[in-house]
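Visitor:
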Amino acid sequence: MKRPRIIIPIGDPAGIGPEIVVKALASKEVQKTADCLVAGDKNILEKAMEWTGVSLKIHNLEGDGEPDPGPGVLNLIDLDNVDMDQYQCGQISGMCGKAAYGYIEKSIRLALDGRADAVATAPINKESLKAGDIPYIGHTEIFGALTNTSDPLTMFETDGMRIFFLTRHLSLRKMLDQIKKDSIINCAVKCFDALDRLGVKNGTMAVAGLNPHCGEHGLFGYEEVEEIMPAVDALRKMGYSVEGPVGADSVFHQAKMGRYDCVLSLYHDQGHIAAKTLDFDRTISVTNGMPILRTSVDHGTAFDIAGTGKASEVSMIEAIKLAAKYAPLFKKS
C-alpha cells in the first residue's frame, strides 16, 4: 500500500520547529507511516541536526525532482531564505517570520498541486510574523487566505477525543457576543461535514455549556436559555445528533469515554485546557473546510529551549501520523 506523502514546513527557523522535524523524521514511527517532504532551509536543518545529534542525509529536491524513498533521508525543498550572518536562535525576528511564511506558502502550493497529500506544520511565532510584515496572525489565517477558504474550521484530536471551536482568538468579552443561535448552528453543520469527510459517518456532538452549571435556567447567565438550547433544538430538527448544553466540567470526559464523537467548545481556552490536560504532547490540531488537509502540533516555538536539542518531537510525530491517517479519507471525499 502506497504511503501518504506529507509536506512539512519547518516553522520559525529561530524556534524548535527545525529540531522537532529532524527528530521526527529520524523516528521509525514516521518512516513506517508516511513519505515526507520538508520545506525549509538547508543551513538551518544542518544546525538542527547538530543540536539534536540526529544524522540524516539531506536530499535536495530541485524543480520537479523525485524524493529519495530510502531510510535516513531528509527530502528537502530548500528555500534558502535565512541569512546565517543575521540569524539568532531563540529570538523574535522579521527575517525568520518571513522565512516561516515562505515554507508554509510553498507547502500549500505543493498540496494544492497534488504533489503532497497533506501538510503537517511545525510552530511559528506571531510576533516574528508581525515583525516580518506578514499580514496574518497565524497558521489558520494563512491557510485560509492561500486556499481561498473564508473560515477554516479548527479541530483538536487527542486520544480519540475530537474538539471543535465556535470561537478562537477573541477576548472573553468579544467571545460572548459570538454566542448566538445562528452562529452555533452554522458552525455545527460545518463540524458534521468535517467529521463525514474524515470518515466519521452519522457522528454525534455535545455542545459545551458556557456558564457554571449551564446557567441553571438563567440564575448564572442567559446564554444557554436564549441561544444555545434553541440552536441545539434547531440542529436536531435538521436531523443532526446533538446534545447540549452539557456542563463544561464533564462534557470532555464524557467524550473521552466515547459518549460523543465530538464536542463543540464555545471558546479557545475551554477546549484547549481539556485537550492539553488529557495529553499535552499528543494534542494535534486539524484544520478542516479547506481543499487540502492540514495537521499541526499545538505548541509554540519555545524560544527558551531552541538550539538545545531538548524539545520533544512527540507532537510532530503525532501530527505526521494523523495527517497520514486522514489523507486517504480526505482524498476520497
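The opening position of the sequence shown corresponds to residue 1 in the UniProt record's numbering, with each subsequent residue numbered one higher.
We put the beta carbon where it would ideally sit given N, CA and C, even for glycine.
If you compare alpha carbons, which of Thr-287, Leu-293, Ala-255 is closest to Leu-278?
Guide: Along the sequence shown, read from residue 1 onward, the residue named residue 278 stands at position 278. Of Thr-287, Leu-293, Ala-255, the residue nearest in Cα terms is Ala-255.
Visitor: Nearest-angstrom Cα distance between Pro-123 and Gly-11?
Guide: Position 123 of the sequence shown holds residue 123. Position 11 of the sequence shown holds residue 11. Each residue's alpha carbon lies about 5 Å from the other.
Visitor: Hey, could you find the ends of the beta strand (DSSP E) Ala-118 is sitting in?
Guide: For the purposes of this step, residue 118 is taken as the residue at position 118 of the sequence shown. Unbroken beta strand (DSSP E) run through Ala-118: 118-121.
Visitor: Please go through the same chain and pick out, in chain order, the residues whose beta-carbon is closer than 8 Å to the beta-carbon of Gly-53, but skip the five residues on each side of it.
Guide: Counted from its first residue, the sequence shown places residue 53 at position 53. Excluding sequence neighbours, Gly-53 sits near Gly-309.
Visitor: Let me make sure I understand the geometry here. Which of Ala-34, Lys-2, Ile-20, Glu-19 has the alpha-carbon closest to that of Ile-320?
Guide: Here residue 320 corresponds to residue number 320 of the sequence shown, with the count starting at 1. When each option's Cα is compared against that of Ile-320, the closest is Ala-34.
Visitor: Could you check if Pro-13 is buried or exposed, using at least 16 other CB atoms within 10 Å of its CB as the buried criterion?
Guide: As a first step, residue 13 must be located in the sequence shown, where it is residue number 13. Looking at its Cβ environment, which holds 16 or more other Cβ atoms inside 10 Å, Pro-13 is buried.
Visitor: Unbroken beta strand (DSSP E) runs of length 3 or more, entirely within the segment 53-78: which are they?
Guide: Runs of the beta strand (DSSP E) inside the segment 53-78: 57-60, 73-78.
Visitor: For Ile-8 versus Leu-37, is the C-beta spacing smaller than 8 Å?
Guide: In the sequence shown, the residue the question calls residue 8 occupies position 8. In the sequence shown, the residue the question calls residue 37 occupies position 37. In this structure, Leu-37 lies closer than 8 Å to Ile-8 by Cβ.
Visitor: Specify the secondary structure class of Pro-9 as computed by DSSP and reduced to three states.
Guide: Start at 1 with the first residue of the sequence shown, and residue 9 comes out as number 9. Here Pro-9 sits in strand by DSSP.
Visitor: Where do the N-terminal and C-terminal ends of the alpha helix (DSSP H) with Val-21 fall, by residue?
Guide: Working through the sequence shown from its first residue, we reach residue 21 at position 21. 17-25 is the span of the alpha helix (DSSP H), which, as asked, contains Val-21.
Visitor: Any idea what DSSP makes of Cys-191, helix, strand or coil?
Guide: As a first step, residue 191 must be located in the sequence shown, where it is residue number 191. Residue state, collapsed to three classes: helix.
Visitor: Going by DSSP in three states, Tyr-238 sits in which element: helix, strand or coil?
Guide: Within the sequence shown, numbered from 1, the residue matching residue 238 stands at position 238. The sequence given here has Met at residue 238, not Tyr. Here Met-238 sits in coil by DSSP.
Visitor: Among residues of its own chain, excluding the 5 on either side of Trp-51, which ones have a beta-carbon nearer than 8 Å to its beta-carbon?
Guide: Translated into the one-based positions of the sequence shown, residue 51 becomes position 51. The answer, listed in chain order, is Glu-19, Gly-307, Thr-308, Gly-309.
Visitor: Anyone know if the C-beta pair for Asn-288 and Leu-74 falls short of 8 Å?
Guide: Translated into the one-based positions of the sequence shown, residue 288 becomes position 288. Translated into the one-based positions of the sequence shown, residue 74 becomes position 74. It is not a contact, given that the beta carbons lie outside the stated cut-off.
Visitor: Once DSSP output is grouped into helix, strand and coil, what is the label at Ile-108?
Guide: Along the sequence shown, one-based indexing puts residue 108 at 108. Correct three-state label for Ile-108: helix.
Visitor: Just to confirm, is the Cβ distance from Gly-40 to Met-95 under 8 Å?
Guide: For the purposes of this step, residue 40 is taken as the residue at position 40 of the sequence shown. For the purposes of this step, residue 95 is taken as the residue at position 95 of the sequence shown. No, the pair does not count as a contact, with Cβ atoms beyond the cut-off.
Visitor: Quick one: what's got a C-beta closer than 7 Å to Gly-199's C-beta in the same chain, skipping five residues either side?
Guide: As a position in the sequence shown, residue 199 is number 199, starting the count at 1. Once the five neighbours on either side are set aside, the close Cβ partners of Gly-199 are Leu-329.
Visitor: For a test of your reading of the model: does the CB of Gly-203 fall under 7 Å from any non-hydrogen atom of the ligand NAP? Yes or no.
Guide: This structure simply doesn't include the ligand NAP, nor any ligand for that matter.
Visitor: Cys-191 to Ser-285, Cα distance in whole Å?
Guide: By 1-based counting over the sequence shown, the position of residue 191 is 191. By 1-based counting over the sequence shown, the position of residue 285 is 285. Between Cys-191 and Ser-285, the C-alpha separation is close to 14 Å.
Visitor: For a minimum of 4 consecutive residues, which ranges assigned as the alpha helix (DSSP H) are wholly contained in the segment 150-204?
Guide: Those alpha helix (DSSP H) runs which fall completely within the segment 150-204 and span 4+ residues are 172-177, 181-197.
Visitor: Report the CB separation of Ala-268 from His-169 in whole angstroms; it is logged as a contact under 8 Å.
Guide: Along the sequence shown, read from residue 1 onward, the residue named residue 268 stands at position 268. Along the sequence shown, read from residue 1 onward, the residue named residue 169 stands at position 169. For the record, residue 268 in the displayed sequence is His; it is not Ala. With 8 Å as the limit, His-268 and His-169 qualify as a contact, their Cβ atoms being about 7 Å apart.
Visitor: Do you know offhand how far Glu-29's Cα is from Val-22's?
Guide: The count along the sequence shown starts at 1 and reaches residue 29 at position 29. The count along the sequence shown starts at 1 and reaches residue 22 at position 22. Taking the straight line from one Cα to the other gives about 13 Å.
Visitor: Run through DSSP, which three-state label would Pro-135 get?
Guide: For the purposes of this step, residue 135 is identified with residue 135 of the sequence shown, where counting begins at 1. If DSSP states are grouped into helix, strand and coil, Pro-135 belongs with coil.
Visitor: Excluding sequence positions up to five away, which residues of its chain have a Cβ less than 7 Å from the Cβ of Gly-102?
Guide: Translated into the one-based positions of the sequence shown, residue 102 becomes position 102. Same-chain partners within the cutoff: Leu-79, Asn-81.
Visitor: Could you tell me the distance, in whole angstroms, from the CA atom of Tyr-87 to the CA atom of Met-49?
Guide: As a first step, residue 87 is located in the sequence shown; it is residue number 87 there, counting from the start. As a first step, residue 49 is located in the sequence shown; it is residue number 49 there, counting from the start. Each residue's Cα considered, the two are about 17 Å apart.
Visitor: Between Tyr-222 and the rest of its own chain, which residues show a CB-CB distance below 7 Å, the 5 nearest in sequence each way excluded?
Guide: Here residue 222 refers to the residue found at position 222 of the sequence shown. Gly-215.
Visitor: Can you have a look at Met-84 and say buried or exposed, based on whether 16 or more other CB atoms are within 10 angstroms of its CB?
Guide: Sequence index remark: in the sequence shown, residue 84 carries index 84 (1-based). So Met-84 ends up on the exposed side.
Visitor: Residue range of the alpha helix (DSSP H) that Asp-279 falls in?
Guide: Position 279 of the sequence shown, counting from 1, holds the residue named residue 279. Where Asp-279 is concerned, the enclosing alpha helix (DSSP H) stretches over 268-279.
Visitor: In chain order, what residues of the same chain lie with their CB nearer than 7 Å to the CB of Ala-327, ignoring the 5 residues before and after it?
Guide: Position 327 of the sequence shown, counting from 1, holds the residue named residue 327. Here the set comprises Pro-4, Asp-117, Ala-118, Leu-293.
Visitor: Do Ile-134 and Gly-90 have their C-beta atoms closer together than 8 Å?
Guide: Along the sequence shown, read from residue 1 onward, the residue named residue 134 stands at position 134. Along the sequence shown, read from residue 1 onward, the residue named residue 90 stands at position 90. Cβ distance not < 8 Å, so Ile-134 and Gly-90 don't count as in contact.
Visitor: Would you check if the distance between the CB atom of Asp-159 and the CB atom of Arg-259 is smaller than 8 Å?
Guide: Locating residue 159 in the sequence shown gives position 159, where the first residue counts as 1. Locating residue 259 in the sequence shown gives position 259, where the first residue counts as 1. Result no, Cβ atoms of Asp-159 and Arg-259 do not sit closer than 8 Å.
Visitor: Could you check whether the segment 163-183 touches the segment 222-240, counting it as contact only if at least three pairs of C-beta atoms, one from each stretch, sit closer than 8 Å?
Guide: Enough Cβ pairs lie closer than 8 Å, so yes.
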